[in-house]
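Q:
Numbering (full-length UniProt numbering), first residue to last: 1 to 279.
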């Protein structure tokens with residue numbers, strides 16, 4: 001394993017961010033670690049080309065399986081950049097509507113969008129981007145409204161936010177007024193640019209989820225939003241992006257346009273048309 005593949009830094013009282021710095025594509029995932037009072041939780045786990053669990057153990061941030069603190073992995077959805085490293089962990093959770101894609105390693109759900117040009121350096125000798133796949137991974141199912149006890153009276157609340165994928169979730173950490181959003185919402189130049197045209201996306205579901213989240217933000221304290229990509233957000237900025245999304249996409253033309261793109265993308269990812277392009 002490339003010893004410099006992962007970098008980890010503390011970003012809040014008990015929250016850490018890990019990145020795969022040598023993966024230079026826009027799909028580089030934010031890997032979050034919550035050090036709960038009694039349990040550790042990794043939210044999303046990167047490509048899986050190097051062993052994230054071993055890295056976090058080496059940094060003394062989690063204990064090995066069977067140690068004195070349990071570590072859970074929550075994948076916010078099944079796409080490769082969020083679920084690829086899940087197979088390195090024994091306790092993996094994902095929403096029930098994305099669970100089949102991860103368990104079976106289905107390309108149209110994991111996508112596996114990795115090309116040679118995405119890497120500044122190889123994760124290990126002999127690595128082949130053309131051969132990259134998310135392997136079938138054992139996982140347990142989450143549902144909307146599930147609450148995960150992380151000790152000391154603190155919980156993580158699972159919120160089903162379909163749209164980017166059928167099983168996309170956000171995670172609310174009330175004790176820290178923190179929201180983890182995966183690819184449901186992240187900073188971009190306008191809300192309408194949020195990705196809703198992938199094989200298992202749905203514009204109609206995305207609009208409904210955006211409205212649900214706006215209602216949630218209006219009634220719950222959210223000091224920090226930790227997305228699946230790019231920089232941390234405020235609750236206010238998050239609400240602005242979702243409002244822009246609704247204003248742009250809540251119409252039949254956008255729904256039809258998204259559906260047409262999804263059909264073409266289904267074939268693109270199923271066949272892996274991108275796979276051996278050198279760029």
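For glycine and all other residues, C-beta sits at the position ideal for the given N, C-alpha and C.
So is residue 132 buried or exposed if we call it buried at 16+ other beta carbons inside 10 Å?
A: By one-based count along the chain shown, residue 132 stands at place 132. Burial call: buried.
Q: Thinking C-beta only, is residue 135 closer than 8 Å to residue 50?
A: Numbered from 1 along the chain shown, position 50 holds the residue referred to as residue 50. Numbered from 1 along the chain shown, position 135 holds the residue referred to as residue 135. No, these two residues do not count as a Cβ contact at 8 Å.
Q: Given this structure, state the Cα-to-Cα distance separating residue 156 from residue 22, to the nearest angstrom.
A: Here residue 156 refers to the residue found at position 156 of the chain shown. Here residue 22 refers to the residue found at position 22 of the chain shown. Straight-line Cα distance between these residues: approximately 31 Å.
Q: Since residue 18 sits in a beta bridge, which residues does DSSP pair it with?
A: By one-based count along the chain shown, residue 18 stands at place 18. BP columns for residue 18 point to 8 and 31.
Q: Relative to the C-alpha of residue 33, which candidate in 25, 8, 130 and 20 has its C-alpha closest?
A: Taking the chain shown and counting its residues from 1, one reaches residue 33 at position 33. Looking at the Cα atoms, 8 is the closest of the given residues.
Q: Apart from the five residues just before and just after residue 232, which ones in its own chain have a Cβ nearer than 8 Å to its Cβ?
A: Within the chain shown, the letter at position 232 stands for residue 232. Contacts found: 11, 224, 225 and 226.
Q: Rounding to the nearest angstrom, what Cα-Cα distance links residue 250 and residue 204 in this structure?
A: Numbered from its first residue, the chain shown carries residue 250 at position 250. Numbered from its first residue, the chain shown carries residue 204 at position 204. Distance between the alpha carbons of residue 250 and residue 204 is about 8 Å.
Q: Under 8 Å, do residue 55 and residue 228 count as touching if we go by C-beta distance?
A: On the chain shown, position 55 is the one that residue 55 refers to. On the chain shown, position 228 is the one that residue 228 refers to. Taking 8 Å as the Cβ cut-off, residue 55 and residue 228 do not qualify as a contacting pair.
Q: Between which two residues does the alpha helix (DSSP H) containing residue 245 stretch?
A: Taking the first residue of the chain shown as position 1, residue 245 is located at position 245. Segment 235 to 249, the alpha helix (DSSP H) holding residue 245.
Q: Around the Cβ of residue 138, are there at least 16 other Cβ atoms within 10 angstroms (buried) or fewer (exposed)?
A: As a working mapping, residue 138 is identified with position 138 in the chain shown. Label assigned to residue 138: exposed.
Q: Can you list, in chain order, the residues of its chain whose CB lies under 6 Å from that of residue 183, leaving out five sequence neighbours each side?
A: Here residue 183 refers to the residue found at position 183 when the chain shown is read from its first residue. Excluding sequence neighbours, residue 183 sits near 164 and 228.
Q: On the three-state DSSP scale, how would you describe residue 155?
A: Looking up residue 155 in the chain shown gives position 155. The answer is strand: DSSP assigns residue 155 an E or B state.
Q: Residue 37 by DSSP, collapsed to three states: which one?
A: Here residue 37 refers to the residue found at position 37 when the chain shown is read from its first residue. Three-state result, residue 37: coil.
Q: The beta strand (DSSP E) with residue 107 in it runs from where to where?
A: Taking the first residue of the chain shown as position 1, residue 107 is located at position 107. Not the beta strand (DSSP E): residue 107 falls in the alpha helix (DSSP H), residues 107 to 110.
Q: Does DSSP classify residue 63 as helix, strand or coil?
A: Here residue 63 corresponds to residue number 63 of the chain shown, with the count starting at 1. Note: residue 63 maps to coil in three-state DSSP.
Q: Considering only the alpha carbon of each residue, which of 238, 202 and 193 lies closest to residue 215?
A: Numbered from its first residue, the chain shown carries residue 215 at position 215. Of 238, 202 and 193, the residue nearest in Cα terms is 238.
Q: For residue 143, collect the residues of the same chain with a Cβ closer than 8 Å to its Cβ; drop the 5 residues on either side in sequence, then sort them by chain order.
A: Locating residue 143 in the chain shown gives position 143, where the first residue counts as 1. Here the set comprises 95, 96, 158 and 160.
Q: Less than 8 Å between the beta carbons of residue 45 and residue 85, yes or no?
A: Taking the first residue of the chain shown as 1, we reach residue 45 at position 45. Taking the first residue of the chain shown as 1, we reach residue 85 at position 85. It is a contact, given that the beta carbons lie within the stated cut-off.
Q: Do residue 57 and residue 91 count as a contact pair if the criterion is CB distance below 8 Å?
A: For the purposes of this step, residue 91 is taken as the residue at position 91 of the chain shown. For the purposes of this step, residue 57 is taken as the residue at position 57 of the chain shown. For residue 91 and residue 57, no; Cβs fall outside 8 Å.
Q: What is the residue span of the alpha helix (DSSP H) that residue 210 lies within?
A: Along the chain shown, one-based indexing puts residue 210 at 210. Run containing residue 210: 203 to 219, per the alpha helix (DSSP H) assignment.
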